[in-house]
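0 is the number of the first residue of the sequence shown in numbering that gives the first Met the number 0; add one for each residue after it.
Idealized CB from N, CA, C, for every residue including glycine.
Computed from a prediction, not measured in an experiment: that's the story for all the values here.
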Amino acid sequence: MIKTKKGILLVNLGTPDSPGTSDVRKYLREFLLDPRVLDIPAFNRYFLVNGIIAPFRAPRSGASYKEIWDKEKGSPLMYYSIRQKELLQEKLGDGYQVELAMRYQQPAIASALEQFRKEKVFHIRVLPLYPQYASASGGTVNQKVMEEVGKWQVVPEISFVNSFHDHPLMIETFADLGRKHNPSSYDHILFSFHGLPVRQLRKADPSGRHCQQVAGCCSRININNRYCYSAQCHDTARLIASRLDLPEERYTVCFQSRLGKTPWVEPYTSDVLKRLAAEGKKRLLVFCPAFVADCLETLYEVSTEYDEEFRALGGEKVQLVESLNDHPKWIDAMADLARY
0 MIKTKKGILL
10 VNLGTPDSPG
20 TSDVRKYLRE
30 FLLDPRVLDI
40 PAFNRYFLVN
50 GIIAPFRAPR
60 SGASYKEIWD
70 KEKGSPLMYY
80 SIRQKELLQE
90 KLGDGYQVEL
100 AMRYQQPAIA
110 SALEQFRKEK
120 VFHIRVLPLY
130 PQYASASGGT
140 VNQKVMEEVG
150 KWQVVPEISF
160 VNSFHDHPLM
170 IETFADLGRK
180 HNPSSYDHIL
190 FSFHGLPVRQ
200 LRKADPSGRH
210 CQQVAGCCSR
220 ININNRYCYS
230 AQCHDTARLI
240 ASRLDLPEER
250 YTVCFQSRLG
260 KTPWVEPYTS
270 DVLKRLAAEG
280 KKRLLVFCPA
290 FVADCLETLY
300 EVSTEYDEEF
310 RALGGEKVQL
320 VESLNDHPKW
330 IDAMADLARY
């Protein structure tokens, strides 16, 4: 029997090559022109992205990236993604070949897959680095992989990890990271996830009769919402809270990074900050369990923007719980997800 290595393809969102406006604009264009991300008619999407969003948002986003860009390490997302790839390769050993790709920008998915083909690796497991499934995250990664290997003469055996929102080791890692901040010393805990348009949640409902139509539709995982992003987010938060012995009244699930004026999944993190400030809360601890590596949305949006916003409302502190990054227990979780 011929022995061959098994391939593991890690895929994260992506990052600009630099915080410069031109590089950020290039990144935004590729990201937002993806029809799974901005799911509107192609002409409207092209006009909106190229004529409005990219030109006007790139300078502001570039300034934000500069705040988190390390002079030596560069993009935190890229740095920690590379660390995860290296540590996972070390953990899995010589029987596996681990490659890293970004859905947008470099290293490209096509290039990573080509490395497998060069090394004659024809058993590939794809691990999108998004704990909760969404068409705009894990879905677009899986589609891109299938498009690329569909061009090959010999199509490899491929399996996909669609989500790992409830993986015990991942949950325990977030809990460990939270314990370092002594949650009992904070007035309230937030689990802030990246937001999505409500229309995308509805598209993920196979019954067409559950999402936004049943009271508490995201409160428990069932056959209709098993791949609902919001339902998986609520489940992740509940599991972490359980590990930390947090009663329901001590934490809130919310969603950040809204874009545009169409309805997005609620409550919005900014609205929750206003409510908590009005209730007299002063210190907030924030988990961001939609991200496996610190990035713009955690290091800047939460640690800087939300902290400043909350202080302006009369609060004292918004404290970010760092992401999984290169935590040893998270590498163990990745290894468990990768083995097949």
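CB contact flag (residue i, residue j, <9 Å)
{"i": "Gly215", "j": "Ala276", "result": "no"}
{"i": "Ile239", "j": "Phe190", "result": "yes"}
{"i": "Lys280", "j": "His187", "result": "yes"}
{"i": "Leu319", "j": "Val301", "result": "yes"}
{"i": "Phe159", "j": "Asn181", "result": "no"}
{"i": "Thr139", "j": "Arg35", "result": "yes"}
{"i": "Ala311", "j": "Val97", "result": "no"}
{"i": "Thr261", "j": "Val197", "result": "yes"}
{"i": "Leu176", "j": "His326", "result": "yes"}
{"i": "Tyr26", "j": "Asp33", "result": "no"}
{"i": "Ile108", "j": "Leu8", "result": "yes"}
Cβ-based burial, residue i [other Cβ within 10 Å; buried from 16]
{"i": "Arg124", "result": "buried"}
{"i": "Tyr339", "result": "exposed"}
{"i": "Ser110", "result": "exposed"}
{"i": "Lys143", "result": "buried"}
{"i": "Gln152", "result": "exposed"}
{"i": "Asp93", "result": "exposed"}
{"i": "Thr172", "result": "buried"}
{"i": "Ser21", "result": "exposed"}
{"i": "Leu31", "result": "buried"}
{"i": "Asn11", "result": "buried"}
{"i": "Arg258", "result": "Residue 258 is actually Leu in this sequence, not Arg. That one is exposed."}
{"i": "Ile51", "result": "exposed"}
{"i": "Gln212", "result": "exposed"}
{"i": "Ser206", "result": "exposed"}
{"i": "Thr297", "result": "buried"}
{"i": "Lys5", "result": "buried"}
{"i": "Gly149", "result": "exposed"}
{"i": "Val120", "result": "buried"}
{"i": "Ala41", "result": "exposed"}
{"i": "Ser136", "result": "buried"}
{"i": "Val285", "result": "buried"}
{"i": "Gln105", "result": "exposed"}
{"i": "Met101", "result": "buried"}
Cβ shell of residue i (< 6 Å), same chain only, five flanking positions each side left out
{"i": "Val271", "result": "Thr251 and Cys253"}
{"i": "Arg14", "result": "Reading off the sequence, residue 14 comes out as Thr, not Arg. Counting only Cβ-Cβ distances below 6 Å, and skipping sequence neighbours, we find Ser74, Leu76 and Met77."}
{"i": "Ala174", "result": "Ile239, Arg242 and Leu243"}
{"i": "Met333", "result": "Leu87"}
{"i": "Leu112", "result": "Glu147"}
{"i": "His122", "result": "Lys5 and Glu156"}
{"i": "Pro266", "result": "Cys253"}
Contacts around residue i, its chain only, beta-carbon distance under 7 Å, and the 5 residues preceding and following it disregarded
{"i": "Ser63", "result": "Leu295 and Tyr299"}
{"i": "Lys72", "result": "Tyr78"}
{"i": "Asp293", "result": "Pro75, Tyr79, Glu321, Ser322 and Asn324"}
{"i": "His233", "result": "Cys217, Ser218 and Val252"}
{"i": "Pro381", "result": "The requested residue 381 does not occur in the structure, where the chain is confined to residues 0 to 339."}
Own chain residues within Cβ distance below 8 Å of residue i, not counting five before or after
{"i": "Pro130", "result": "Ser162, Phe163, His164, His166, Met169, Gln231, Thr235, Pro288, Ala289 and Val291"}
{"i": "Pro54", "result": "Arg24"}
{"i": "Leu283", "result": "Tyr185, Asp186, His187, Ile188, Leu189, Leu272, Leu275, Phe309, Gly314, Lys316, Val317 and Gln318"}
{"i": "Asp69", "result": "Pro75 and Tyr78"}
{"i": "Ile330", "result": "Gln83, Leu86, Leu87 and Lys90"}
{"i": "Asp204", "result": "Cys210, Asn223, Asn224 and Cys227"}
{"i": "Val154", "result": "Val148"}
Range of the contiguous alpha helix (DSSP H) that encloses residue i
{"i": "Gly207", "result": "Where Gly207 is concerned, there is no enclosing alpha helix (DSSP H), given that its DSSP letter is neither H nor E."}
{"i": "Gln114", "result": "Ile108 to Lys117"}
{"i": "Pro167", "result": "Pro167 to Arg178"}
{"i": "Pro155", "result": "Looking at the DSSP string, Pro155 is not in any alpha helix (DSSP H), and its letter there is neither H nor E."}
{"i": "Ile188", "result": "Where Ile188 is concerned, there is no enclosing alpha helix (DSSP H), although the beta strand (DSSP E) it sits in stretches over His187 to His193."}
{"i": "Arg124", "result": "Element bounds for Arg124: not the alpha helix (DSSP H) but the beta strand (DSSP E), His122 to Pro127."}
{"i": "His233", "result": "Tyr228 to Arg242"}
{"i": "Val140", "result": "Thr139 to Val148"}
{"i": "Pro75", "result": "Pro75 to Leu91"}
{"i": "Asn43", "result": "Ala41 to Leu47"}
Span of the beta strand (DSSP E), counted from its first residue to its last, around residue i
{"i": "Phe163", "result": "First-last for Phe163: undefined, no H or E at that position."}
{"i": "Tyr95", "result": "Tyr95 to Tyr103"}
{"i": "Val10", "result": "Lys5 to Gly13"}
**Q.** Segments of 3+ residues assigned as beta strand (DSSP E) that fall wholly inside the region 252–320
**A.** 282–286 and 316–319
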